[in-house]
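Just below is one structure, and these are the notes that go with it.
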Amino acid sequence: MAPSDGEPKTHLQLLADRVISESLESTRRSVAMCEESWDAGAKTQVALQRQADQLDEVEQSMMQIRVEVREASGNLAKMRRCCCLCTLPCREASRFEEVAVWSRGGNGKVVGRQPKRLPPPEVASGYIPRLTDDPREDEMEANVQRISQIIGNMRAMAIDIGYEVEAQKAQVAVIADMATSNQCCIKDVTHQTGKILKSQ
190 MAPSDGEPKT HLQLLADRVI SESLESTRRS VAMCEESWDA GAKTQVALQR QADQLDEVEQ
250 SMMQIRVEVR EASGNLAKMR RCCCLCTLPC REASRFEEVA VWSRGGNGKV VGRQPKRLPP
310 PEVASGYIPR LTDDPREDEM EANVQRISQI IGNMRAMAID IGYEVEAQKA QVAVIADMAT
370 SNQCCIKDVT HQTGKILKSQ
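Under our numbering, the first residue of the sequence shown is numbered 190, with each subsequent residue one higher.
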C-alpha cells in the first residue's frame, strides 16, 4: 500500500516507486513500438493491394493481346486460303500451349484471393498485479492490454499478407506463361505474314 500523505517513504517504498515508474515507461515504449509495427504492416497491405491491382491490369492486357493475335491469325488463315498456302506446323504447338495456359482457372484468371480470417483477439485483463493501488498500475494494465490486442491483430494481418503474397506469386507465374504463349503466337503470325508476302 502507498504511504499516507505526509508520511516519509521508506527505502523499499522509494525503490518500488522507481521500479513502477520504470515499468510504466517500458510499457509506453512497447505500445509505441507495437503501433509503429502495426502501421508498417498496414502500409505493406496497401502496397500489396496496389500491386495486386497492377497485376490484374497486366493479366487483362495479356488476355487482350491474345484476343488481338488470334484475330490476326484468323485473318491470315483467310489470306492463306485465298493464296492456296499450306498450314504452318507451328500452329499446332501454339494451340497446345494455349490450352495449357489459357484454360487454367477457366479464363486464365488466378483463383480469387481468400485470406483466412481470424476472429478478433480477446483482450485479457489482470496482467499487472496490484501492489500499491497506484494509478500508474492502471496505466500499465491498459498499456499491456493494448500491446496484447495489437499483437493479436498483427498475427491476423501477417496471415492475410501471406495469403496475398502467395496469390500474387501464382498470378505472376500465370502472367509469365501468358506472355510466353503470346510470344509464340506472335512469332507464328509473323512467320505466316512473311510466307504470304513472299508468295505475292
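We put the beta carbon where it would ideally sit given N, CA and C, even for glycine. Here the structure is a predicted model, which means the values were calculated and not measured.
| Check | Outcome |
| --- | --- |
| Closest by CA to A422, which one among S388, I375, K384? | Since the first residue of the chain shown is 190 and the last is 389, residue 422 is not available in this structure. |
| Would you call N296 buried or exposed, if buried means 16 or more other Cβ atoms sit within 10 Å of its Cβ? | In this prediction, N296 has a pLDDT of 46, which is less than 50 and means its spatial position is unreliable; what the coordinates show is noted afterwards. That one is exposed. |
| To the nearest angstrom, how far is it from the Cα of K232 to the Cα of S219? | 20 Å |
| Taking the beta carbon of V333 as the centre, do at least 16 other beta carbons fall within 10 Å, making it buried, or is it exposed? | buried |
| What is the C-beta distance between S226 and M343, in whole angstroms, given that I count them as a contact (C-beta under 8 Å)? | 6 Å |
| Since L265 and I364 are thought to touch, with beta carbons under 8 Å apart, how far apart are those beta carbons, to the nearest angstrom? | L265 to I364, Cβ: 26 Å. No contact. |
| Can you tell me whether T377 is buried or exposed? The criterion is at least 16 other CB atoms within 10 Å of its CB, across all chains shown. | For the sequence presented, residue 377 should be read as Asp rather than Thr. Its Cβ being crowded by 16 or more others within 10 Å, D377 is buried. |
| Can you tell me whether R255 is helix, strand or coil according to DSSP? | helix |
| Start and end of the alpha helix (DSSP H) containing K386? | Inspection of the sequence shows that residue 386 is occupied by Leu rather than by Lys. First-last of the alpha helix (DSSP H) with L386: 324–388. |
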